[in-house]
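Numbering (the UniProt record's numbering), first residue to last: 1 to 544.
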């Protein structure tokens, strides 16, 4: 029975319990589901050529042995097989391949196989998200098959393209514009068409990357202020036209700009990706409803969601088997790649601690003990206010050696090295830090030390550097280019460091400063050093 049929034929309580009942599990019950599904997956994966290749002849009999025998993996361990889509090597036959960016400047894309069982789990869990997205308390939801959703998603083969596919098979929610038309449109055209359709039909849901939904929301406000769309609406829906006129009059009286909430009343608002915390307050102000975060990815599928309180993530028990690398273990591994960090299970996490997520994809998935590259903090082990007995998490960011801006970039030391090399600029040292401006918007801050013989006046140097490096970032990383094309931002700030500063720092410390996301304290010390008088020898020359 499809999801929409269950909404019509079954009681609200039964529907809620089927899709959102995981929130009523005890920790022991959650672990039992995890262990049962993981044991099934181990048996399936260990017999596959891919599993045998990674296990190197070993045969784990249980989860404990499996964790001892299988090393933590990254995409490099799967790339030679998955990029060629060698289905015969996998634990189960994939029915779909999903694509995403791997690493700009080094690897263009990575792909992930989805089995039929994985897709069934995905569909069930996104339906749970739909119920929770419309809820204000336990058991309360407003989802209906006649609802509409504003299309703010990247199409297949990207992971967000799975959502229309899942809804098409489970519930007749209407996408604005229709998916078959939207995939042929530019981002700007899609917004305009979706908005015009929303004016006549209403908008019940909005879902997309937090950064994208914010940009679209501002665009809708501007489009609403124009007369074209509203005037054409007069013939189709006089009532909606009257509503827009009244909303504009109210905004003029209150001395503010028109906002989407003045015209639309969303049932549910869902966001995914990174940096959502930077946009959620503003999005709530624009739409009058707080966005609910969904946690999903190309490799892990849809793994978790917030609830009606919109204040923390709970993992789904049937999507992946979860392990967590404590932050101090992760830092040891970043400092020494030969160090094997220990992991803890979901019933071993500690309140207030931060972790790097490790997943084993269930239901015939390829990825086992896979480092996704995301950081989470355990907020608490039980939520007494909501009577939920499972650990609650907050998404923090990507791991420290990756800079992700708004869910669009995967900037690493390798990609920056490529950019510097291609640009031909005389940059001798750099550090890159993800920082936030006064509006809490993320940007990439590059602190660069130039060859002293190449320097000109600082004001001109910074502008030249920013323009030149932006060009090559867009060349190396397609997603970086989309920041400008889709969001209209160029998130690069340059600070020039006086020649010799890095060498002086290293001379007076037992370590080199990290190139990617070093501690703010160390950056401040570097800036302090360059403001002091010092003498340092570099390349056989003395600099003051």
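Idealized CB from N, CA, C, for every residue including glycine. As the structure is a prediction and not an experimental result, all values here were calculated from the model.
Exclusion of the five residues before and after residue 431 leaves 446, 447, 513, 514, 515, 516, 518, 523, 526 as the residues of its chain whose Cβ lies within less than 8 Å of its Cβ. Inter-residue distance for residue 192 and residue 60 is about 55 Å (C-alpha atoms, whole angstroms).
If you ignore the 5 residues before and after residue 128, its C-beta comes within less than 6 Å of the C-beta of 19, 20, all in its own chain and listed in chain order. Each residue's CA atom was taken as its position, placing residue 146 and residue 336 some 55 Å apart. Looking at the backbone, the Cα of residue 352 and that of residue 370 are separated by about 23 Å.
Residue 349 is a Cβ neighbour of residue 378, given a cutoff of 7 Å. For residue 45, the enclosing alpha helix (DSSP H) stretches over residues 27-47. DSSP places residue 124 inside the alpha helix (DSSP H), whose first and last residues are 116-133. Membership of residue 12 in the alpha helix (DSSP H) is indicated by the continuous run 12-20. The secondary-structure analysis by DSSP pairs residue 320 across a beta bridge with 361. Comparing C-alpha distances from residue 32 to each of 278, 321, 503, 208 shows the shortest one belongs to 321.
DSSP, read as helix, strand or coil, puts residue 513 in coil.
Out of 272, 288, 309, 311, the CA that lies nearest to the CA of residue 295 is found in 272. The alpha carbon of residue 125 has as its nearest neighbour, out of 22, 108, 41, the alpha carbon of 22.
DSSP, read as helix, strand or coil, puts residue 174 in strand. Here the segment 201-211 makes contact with the segment 170-186; the two share three or more CB pairs at distances below 8 Å.
Beta-bridge partners assigned by DSSP to residue 374: 398.
Note that the C-beta distance between residue 218 and residue 259 is not below 7 Å.
Spatial neighbours of residue 297 in its own chain (CB-CB distance under 7 Å, excluding positions within 5 residues in sequence) are listed in chain order as 159, 372. Around residue 313, the same chain offers 293, 295, 304, 305, 306, 376, 392, 393, 394, 395 as residues with beta carbons nearer than 8 Å, after the five sequence neighbours per side are excluded. Look at residue 270 here: in three-state DSSP terms it is strand. Here the C-alpha atom of residue 69 lies approximately 7 Å from the C-alpha atom of residue 58. In this structure, residue 274 and residue 424 do not form a Cβ contact; the two beta carbons are roughly 31 Å apart against a cut-off of 8 Å.
Of all alpha-carbon atoms in 71, 38, 56, the one lying nearest the alpha-carbon of residue 63 is that of 38.
The bridge partners DSSP lists for residue 202 come to none.
Under the three-pair Cβ rule at 8 Å, the segment 240-257 does not count as touching the segment 111-121. Contact between the segment 134-153 and the segment 318-334 is absent, with fewer than three C-beta pairs closer than 8 Å.
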